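>
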């Protein structure tokens, strides 16, 4: 699972939980004030849940998760548009078997097309790593696939970023979840356009997946180094990750 | 009917029923504590209902059920990715004429594509056995067929496991049963893609069914041994099953 | 109209009506206990209503009904998979102009494909008889046609009994009538598959109808004997029916 | 507008209105009991409303209505399957500019295909008369057209009377107006079949319309006699109608 | 905007408003009773709202409105099936920039196809005038276009007036706005028929539009006379209009 | 983001907010009465929200926004049908990174086709500027794209402004958001027409986008002047804008 910090909208309750959690962590560490590390840790906890401490799992499961997350991390590293890797973990939390968290160095207002394509590549790189290393693919990538598809679809239908279809919006553009609005979401374009949209989405996804495969195959030893470290230590912070990637 | 223990989500009421049932069984057996056998028995009862003790049925019905369940069991045995057979029964319970229960030896986090294909083969092997032995097929396989189709469909549309369609999600991906969400489940892809999905699902299913037919034809004597034992004793535990399968 | 006793699910109220009716019949006949004949008679009354004693109708209407029901009965007789004819009546009851009732000799768990095809032939044989004898067809067959179509459709989409489409389930498989569920029943397959399903259903129906035509043309004198007996006596029990069919 | 007496289902309130109306008519006529004429008159009143006594209309409107109803009446006369004409009127009542009422001589249980085709011809014969006589067609035929289309559609989709599509039911067959049921009325057949149904309906309608045109052109003097009588007297009973038709 | 007096159904409240308005006008004019002129004036007020007395607008807007309404009026004048022009106004009222009102000389029961085609031509003649005079077209014609399309669609799908599709009704024919009914309004015909309907509607509209263009081009000086009078006086009654049209 | 003052309908609450805001501004400026400048400023605040005073953003984000808004402003300047630019701002407000506001010199009743095409060009010119200057395109243009598409779609389906489809209305034309009405918004035209509509919308959009690209490429130095002024001062009023555009 890939976590972009700015991908998540916090509700009032979420924020309260986050602050309580951070305060609790600071207290446990004997700090007089909450500092960034406590906030980051609390954020992860609120987003994907508490670590399952007493987790028992097969060695195979551990390896699959390690290579999957290593795939996300290594791909993120080599794509300059992406925020640096902040943490990688293969300790199960909530529904996730593991996660790779990237952290923006500064907040951005604009998301360019080129960066969206790179983020799709990152999302698909966990599946790509599984395929390269094990020759088999697992159900665990479904959240990545769903988000990659949604991003590609939005590029084509909402942000007018497909050369084929041009700067046109397809669908009603209303994202509201109110009952009445939902009814209105009847498709307002023809089958011909629906097929073109599918084709464009398919091109974006398959292109990104191939690029991820190529990138990881070309950096297979780095992928193994990161995965093996994870299998042994289960967690890796951004500095350790940079260190491994920087080794000759 | 095929039962995978981890296929069933238990509600609070289910768990209460399960524990009461297990406690009752332990008491009847003069045990001081509930042990695994009581839990397994109680689980079956909660999942598919109580045995219909006073059941009357035709010899033909009994034979059809025996060969159908033997088909599930024998196929499970020869596919290494599948959990070992724990119990086979042709005593009617609830809506089911019989069942084959597999029991995982350890919990797994990841479900690979190869294992999903094998589980589809197992689900279709009851129907395959009917077809081979009687040259006719019955309505009893509808639950197997529905689950096999759902698995194949998820592989293609949710887990991106079809080479033809690639790592793309189709549909909204929301499984929630809330009214409002359901309305939103309007198909968001074109007829062209819908036809490709159907074709991929069809390929997975027909391939798995053919493999089941081939496997059972190649092990027809084992199929008969298991079925005949079931016709005589109506029930078979995992050890007895392994014994029959291991005989020269 | 064709009545299969096991086709009807009884509600609590139905059962109460049935028992009261049977008790009333037993009392009128001076019996000390309800016996099977009272139960059968009460069943018919609950399923399709009371005989319209003061019915006035044209001779033409009587003849059409007689040949229609004779068609059902004679076809049932020549198809070994079908339960024996228990009663035929052309006395109007409720919405039905007449009925043919088959009665199972023992309860069966499994319904094979071959038996479903035969039952479709029986359902269509009333229409077939009209067509052969009068060269015209009537609206009265609509219930038969609807049930034949539903059976054929279930064979193809629910029981995976079409060679063309294989052991795949189409549609959601949920038959529940809850509002929320109904919304979910959006067709989840492509036009291509929808057209294949229609073609398979059409093949099953037209094949069964042709077989019914052939069967009845080959037994036209039996058809006439049964119909003429019905025109004269309006009702016929299973023994009388067997007697007529057995005559040289 | 064509009225078939048995086309209308009466509610409790309708029946009460009808009897009160008939009683009132009998009283006004000094009768001691309600007789058939009072019932017939009351029936018309309940079905299409009271005569608009103070109606003012153009001569052109009167002529159009007269030829339209004469078309219905003359066609009914020449089709032996149709009930005899009981009354023709061009006095506006409720929404109708005029009506032709046929009255069955005896109640029939069965409606054959041949009779349904004839009734479609009768329904379209008002429009046919307009077209022949005025060379223009009017909006007043919309109720006739809707009922003719519904009959043709039912022949094809509910009564299995199309040779092309055979004895298959299309659609759910549920006519209930309950909210929940209506949702379920999603089209359950393919575009291919939908197009075939449309074609069959179109064939039935265009064939019937052409027959009506031919019949009326061949009896143009009778059409004129009936229409002219109506223009002069506004109303015509069955006996007068038969008299005009029987004239050499 | 074109107003046909009989196009509007009045509610109880509308009638009350109309009568109060007419009474007020009669009083202001020192009349003892309400006369037709007061009723007509009150009718316009109720249908499209009060004149915006303090309206400020550009000269261009005034010219566009004047030529648009002159187009409606002149076309109405030359089509004998149309009721005579009663009033033309370019004073903004409610949502309308101007209006042309026709007044029937007598009430008609029947609306022939030829008259419906003429009324579509009238509805499109405002747009036609804009196009001829300014070489550009404006949003103000959307109400005319919607009503012309609805009339053409009804001719084809409800009144069976298309030679191509014949006397068949398409759609459910229910115009009721009840919630439950609306759900039932699922399209009950095939894509093939839908495309034919679209083609027929398109033919009717484009034919009527071309006829309007030809008619106005052939009477361009009359169009200018009427428009210029409107630009100067903002309002024109039926007599003044007839006078201008009758000038050599 | 492009703001046309007359594009926004104010609710009662909006008006109250606007007047309070204007009164507050007038008071702060020591004025005795609210004047136009206070109203304009209050309008912007109510429409897109308060300036985010303490905004931190990357230099890149600032440049993207500046060129995007400069694109809108410069295109508006060169299209005579468009109202003059009143204000340009790259200070984030609410959801918008910046805005360009045009102000009508007089209110118009009629919106001609030519003006609608120009307004689509203006809406797409922000995206066009991004593409020319950075060779990449961003998500920020989605509101512009949605409004351009909606305008083009209305031209084709509501205002009958496409030569290909003619003066026909497609869809129900009801824009009301009431639940019941929304259900009725089922597409009432065929796939063939849907594809034609898509093609026409596509032509309008791609044509307008190409014109915007050409216009901005031909005025690239003006685009840079305006953008650079915005990067330095963040805001620009209509007079300053005219001054820059007028420089040799």
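Residue numbers (my numbering), protein chains in the order written: chain A, 1 to 248; chain B, 1001 to 1248; chain C, 2001 to 2248; chain D, 3001 to 3248; chain E, 4001 to 4248; chain F, 5001 to 5248. Built from N, CA and C at the ideal position, the CB exists for glycine as well. Just so it is clear, the structure is predicted and the values come from calculations on it, not from any experiment.
Taking all protein chains shown into account, do 16 or more other C-beta atoms lie within 10 angstroms of the C-beta of residue 2135 (chain C), making it buried, or fewer, making it exposed?
Position 135 of the third chain, counting from 1, holds the residue named residue 2135 (chain C). Burial call: exposed.
> What whole-angstrom Cβ distance do residue 5198 (chain F) and residue 156 (chain A) have, given they're in contact under 8 Å?
The sequence position of residue 5198 (chain F) within the sixth chain is 198, counting from 1. The sequence position of residue 156 (chain A) within the first chain is 156, counting from 1. Rounded, the Cβ-Cβ distance is 14 Å, inconsistent with contact.
> Which word fits residue 3104 (chain D), buried or exposed, when buried means at least 16 other C-beta atoms lie within 10 angstroms of its C-beta?
Within the fourth chain, the letter at position 104 stands for residue 3104 (chain D). Classification for residue 3104 (chain D): exposed.
> Using a Cβ-Cβ distance under 8 Å, would residue 237 (chain A) count as near chain H?
Considering every chain present, this structure includes no chain H. Its protein chains are A, B, C, D, E and F.
> Please state whether DSSP places residue 1032 (chain B) in a helix, a strand or coil.
Position 32 of the second chain, counting from 1, holds the residue named residue 1032 (chain B). Note: residue 1032 (chain B) maps to coil in three-state DSSP.
> How about residue 74 (chain A) and residue 102 (chain A): are their beta carbons less than 8 Å apart?
Looking up residue 74 (chain A) in the first chain gives position 74. Looking up residue 102 (chain A) in the first chain gives position 102. Not closer than 8 Å, so no.
> I want to verify the contact list: residues of chain A whose CB lies under 7 Å from the CB of residue 1193 (chain B), in sequence order.
Taking the second chain and counting its residues from 1, the one referred to as residue 1193 (chain B) is at position 193. Residues of chain A passing the Cβ test: 198.
> Would you tell me roughly how many angstroms separate the C-alpha atoms of residue 2083 (chain C) and residue 1123 (chain B), rounded to the nearest one?
In the third chain, residue 2083 (chain C) corresponds to position 83, counting from 1. In the second chain, residue 1123 (chain B) corresponds to position 123, counting from 1. Each residue's alpha carbon lies about 32 Å from the other.
> Could you tell me the alpha carbon to alpha carbon distance between residue 1182 (chain B) and residue 195 (chain A), rounded to whole angstroms?
Start at 1 with the first residue of the second chain, and residue 1182 (chain B) comes out as number 182. Start at 1 with the first residue of the first chain, and residue 195 (chain A) comes out as number 195. Unreliable placement is indicated for residue 1182 (chain B), whose pLDDT of 36 sits below 50; the coordinate value is still reported in the next sentence. In a straight line, the C-alpha of residue 1182 (chain B) is about 24 Å away from that of residue 195 (chain A).
> For the region 1053–1076 of chain B, which residues have a CB atom closer than 8 Å to at least one CB atom of chain C, in sequence order?
1056, 1057, 1058, 1060, 1061, 1064, 1065
> Closer than 8 Å, Cβ to any Cβ of chain F: which residues of the region 4103–4125 of chain E, in chain order?
Correct list: 4124.
> Compile a chain-ordered list of the residues in the region 2144–2177 of chain C whose CB is closer than 7 Å to at least one CB of chain B.
2158, 2159, 2160, 2161, 2166, 2167, 2168, 2169, 2173
> For the alpha helix (DSSP H) that contains residue 149 (chain A), what are its first and last residues?
For the purposes of this step, residue 149 (chain A) is identified with residue 149 of the first chain, where counting begins at 1. Looking at the DSSP string, the run of the alpha helix (DSSP H) that includes residue 149 (chain A) is 142–157.
> Out of C:2080, C:2050, C:2062, C:2040, which one is the CA nearest neighbour of residue 2121 (chain C)?
On the third chain, residue 2121 (chain C) is found 121 positions in, with the first residue counted as 1. Checking every option, the nearest Cα to that of residue 2121 (chain C) belongs to C:2080.
> Could you tell me whether the Cβ of residue 5081 (chain F) comes closer than 8 Å to any Cβ of chain E?
Here residue 5081 (chain F) refers to the residue found at position 81 when the sixth chain is read from its first residue. At a cut-off of 8 Å between beta-carbon atoms, residue 5081 (chain F) makes no contact with chain E.
> Which residues, taken in chain order from the region 5128–5143 of chain F, show a beta carbon closer than 8 Å to some beta carbon of chain A?
Residues of the region 5128–5143 of chain F with a C-beta atom less than 8 Å from some C-beta of chain A are 5134, 5136, 5137, 5138, 5139, 5140, 5141, 5142, listed in chain order.
> Does DSSP classify residue 2181 (chain C) as helix, strand or coil?
Counting from one through the third chain, the residue named residue 2181 (chain C) turns up at place 181. Its pLDDT being 34, under 50, residue 2181 (chain C) is placed unreliably in this model, and the coordinates cannot settle the point.
> What residue range is occupied by the uninterrupted beta strand (DSSP E) comprising residue 4056 (chain E)?
Indexing the fifth chain from 1 puts residue 4056 (chain E) at position 56. Residue 4056 (chain E): not part of any beta strand (DSSP E); DSSP gives it neither H nor E.
> Look at the alpha carbon of residue 203 (chain A) and the alpha carbon of residue 2012 (chain C), and state the distance between them as a whole number of angstroms.
Position 203 of the first chain, counting from 1, holds the residue named residue 203 (chain A). Position 12 of the third chain, counting from 1, holds the residue named residue 2012 (chain C). Cα-Cα distance, rounded: 59 Å.
> Quick one: give me the first and last residue of the beta strand (DSSP E) that residue 99 (chain A) is part of.
Position 99 of the first chain, counting from 1, holds the residue named residue 99 (chain A). Element bounds for residue 99 (chain A): 99–102.
> For the region 4044–4062 of chain E against the region 4016–4024 of chain E, are there 3 or more C-beta pairs whose distance is under 8 Å?
yes
> Taking buried to mean at least 16 other C-beta atoms within 10 Å of its own C-beta, is residue 1098 (chain B) buried or exposed?
Sequence index remark: in the second chain, residue 1098 (chain B) carries index 98 (1-based). Buried is the label assigned to residue 1098 (chain B), since at least 16 other Cβ atoms lie within 10 Å of its Cβ.
> Three-state secondary structure (DSSP) at residue 3308 (chain D)?
Beyond the ends of chain D as shown, which are 3001 and 3248, falls residue 3308 (chain D); an answer cannot be given.
> Along chain B, in chain order, which residues have C-beta atoms closer than 8 Å to that of residue 205 (chain A)?
Here residue 205 (chain A) corresponds to residue number 205 of the first chain, with the count starting at 1. The answer, in chain order, is 1166, 1167, 1168.
> Please list, in chain order, the chain C residues whose beta carbon lies closer than 7 Å to that of residue 1209 (chain B).
Mapped onto the second chain, residue 1209 (chain B) falls at position 209. Result: 2166, 2167.
> DSSP state of residue 5235 (chain F), grouped into three classes?
Mapped onto the sixth chain, residue 5235 (chain F) falls at position 235. In the structure shown, residue 5235 (chain F) sits in a strand (DSSP, three-state: E or B).
> Go ahead and label residue 4087 (chain E) buried or exposed: buried means 16 or more other beta carbons lie within 10 angstroms of its beta carbon, across all protein chains shown.
Along the fifth chain, read from residue 1 onward, the residue named residue 4087 (chain E) stands at position 87. It is buried - the Cβ of residue 4087 (chain E) has at least 16 other Cβ atoms within 10 Å.
> What residue range is occupied by the uninterrupted alpha helix (DSSP H) comprising residue 1209 (chain B)?
Taking the second chain and counting its residues from 1, the one referred to as residue 1209 (chain B) is at position 209. Run containing residue 1209 (chain B): 1191–1218, per the alpha helix (DSSP H) assignment.
> Determine, using beta carbons only, whether residue 4189 (chain E) comes closer than 8 Å to chain D.
In the fifth chain, the residue the question calls residue 4189 (chain E) occupies position 189. Output row for residue 4189 (chain E): interface = yes.
> Is the Cβ-Cβ distance between residue 4133 (chain E) and residue 5168 (chain F) less than 8 Å?
What you label residue 4133 (chain E) is simply residue 133 of the fifth chain in a count that begins at 1. What you label residue 5168 (chain F) is simply residue 168 of the sixth chain in a count that begins at 1. Not in contact: residue 4133 (chain E) and residue 5168 (chain F) (Cβ atoms no closer than 8 Å).
> Relative to the alpha-carbon of residue 1164 (chain B), which residue among A:140, A:205, A:106 has its alpha-carbon at the smallest distance?
Taking the second chain and counting its residues from 1, one reaches residue 1164 (chain B) at position 164. Answer by Cα proximity: A:205.
> Would you identify the three-state DSSP class for residue 1112 (chain B), choosing helix, strand or coil?
Looking up residue 1112 (chain B) in the second chain gives position 112. Three-state result, residue 1112 (chain B): strand.
> Distance check for residue 1139 (chain B) and residue 2242 (chain C), CA to CA, integer angstroms please.
Counted from its first residue, the third chain places residue 2242 (chain C) at position 242. Counted from its first residue, the second chain places residue 1139 (chain B) at position 139. So the two alpha carbons sit approximately 30 Å from each other.
> With H, G and I counted as helix, E and B as strand and the rest as coil, what does DSSP make of residue 1089 (chain B)?
Taking the second chain and counting its residues from 1, one reaches residue 1089 (chain B) at position 89. Residue 1089 (chain B): strand per DSSP, three-state reduction.
> Residue 3202 (chain D) versus chain E: which residues are under 9 Å apart at the beta carbon?
Your numbering for residue 3202 (chain D) matches position 202 in the fourth chain. Per Cβ cutoff of 9 Å: 4165, 4166, 4168, 4193.
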